[in-house]
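Visitor: Below is a structure I'd like to ask you about.
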Amino acid sequence: MKFDNELEIEVVRDVYSPSDDTFLMLSAILPRTGQSILEMGTGSGIIAMHCAKAGCKVTAADISEKALNCARNNARLNGINIQFVQSNLFSSIEEKFDMIIFNPPYLSGQDAEILAVDDKRQLIGGKGGHEISIEFMEQAVQYLSENGRIYILTSTETSEKIIERARQLFLVNKIAEKHMFFETLAVWGLRIDLLIEH
Ligand SMILES: C[S@@+](CC[C@H](N)C(=O)[O-])C[C@H]1O[C@@H](n2cnc3c(N)ncnc32)[C@H](O)[C@@H]1O
């Protein structure tokens with residue numbers, strides 16, 4: 064698969080293939096040269112590579128070893144330098160970043176039964192679909208540099224509790240939205256509100 068006529072992406076079984084949510088995230092973020100960026104749940108590595116091509120110092124994390132091998136291979140194919148880390152959310156992350164990006168798994172446990180994929184971590188965000196996103200935001204607060212931003216994607220199917228929690232932790236802005244057949248996808252920009260005690 065060629066992305067943007069520039070990035071060459073190969074996806075293997077059990078790794079998330081770039082889809083509408085991926086492309087919405089790519090259209091919403093504006094990586095600037097010199098920024099340090101963490102992409103959580105990198106999958107094929109497409110978002111991390113896009114940021115590295117823009118001149119950012121990128122760390123890409125995923126819980127799945129298969130995803131990391133796939134992303135590493137794609138970075139090599141495109142001659143792009145990225146630091147890869149296997150991590151369950153922030154378990155292996157130590158630095159702070161100017162930007163943290165997450166296109167999380169957001170389907171609910173009920174959907175798990177009908178999914179024809181082996182590695183459901185690509186898609187299932189917990190029993191209610193929101194748990195991983197909420198856990199991510201609660202941990203991410205500690206890994207943002209001053210004036211840092213988080214970009215997270217949600218679906219109207221499971222977004223209510225995520226946005227409610229986001230508003231308790233951050234100043235929240237909707238950056239992009241796409242109406243689909245049965246859901247609306249949105250990308251939210253989160254930044255620390257200095258008036259909130261964490
Ligand atoms: C919806 S896919 C997004 C992949 C890619 N970033 C994209 O936009 O195409 C979600 C990714 O999050 C990863 N993931 C799921 N749970 C995770 C966790 N607890 N910690 C880190 N990564 C996780 C999955 O393995 C999967 O690669």
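When you number the sequence shown by the working numbering, it's gap-free, plus one each residue, and the end is 261.
We put the beta carbon where it would ideally sit given N, CA and C, even for glycine.
1. Tell me the DSSP secondary structure of L257 in three-state form.
2. To test your reading of the DSSP string, which unbroken beta strand (DSSP E) runs of 3 or more residues are found completely within the stretch 76-119?
3. For H193, count neighbouring Cβ atoms within 10 angstroms of its own Cβ and tell me buried if that reaches 16, exposed if not.
4. Would L87 and V250 qualify as a contact pair, given that the criterion is a beta-carbon distance under 7 Å?
5. Hey, would you say S155 sits closer than 7 Å to C133, going by beta carbons?
6. Hey, quick one: how far does the alpha helix (DSSP H) through I195 stretch, first residue to last?
7. Could you tell me if E102 is buried or exposed, where buried requires 16 or more neighbouring beta carbons within 10 angstroms of its beta carbon?
8. Taking C-alpha atoms, which residue in A203, E246, I109 and E220 lies nearest to L253?
9. If distances are taken between C-alpha atoms only, which option among A91, E220, Y169 and I213 comes closest to E201?
10. Within the present structure, is the beta-carbon of Y79 separated from the nearest heavy atom of ligand 1 by less than 6 Å?
11. From I164, I145 and I143, pick the residue whose C-alpha is nearest to that of F153; which is it?
12. Would I126 and P167 be called neighbours here (beta carbons separated by less than 7 Å)?
13. Taking buried to mean at least 16 other C-beta atoms within 10 Å of its own C-beta, is T247 buried or exposed?
14. Beta-carbon within less than 8 Å of G188's beta-carbon, same chain only, minus the 5 sequence neighbours each way: which residues are those?
15. Measure the alpha-carbon distance for T85 versus L216 and round it to whole angstroms.
Guide: Reading off the structure:
1. coil
2. 99-103
3. buried
4. yes
5. no
6. E194 to A203
7. buried
8. A203
9. I213
10. yes
11. I164
12. no
13. exposed
14. P167, P168, Y169, L170, S171, E194, I195, S196 and T221
15. 9 Å
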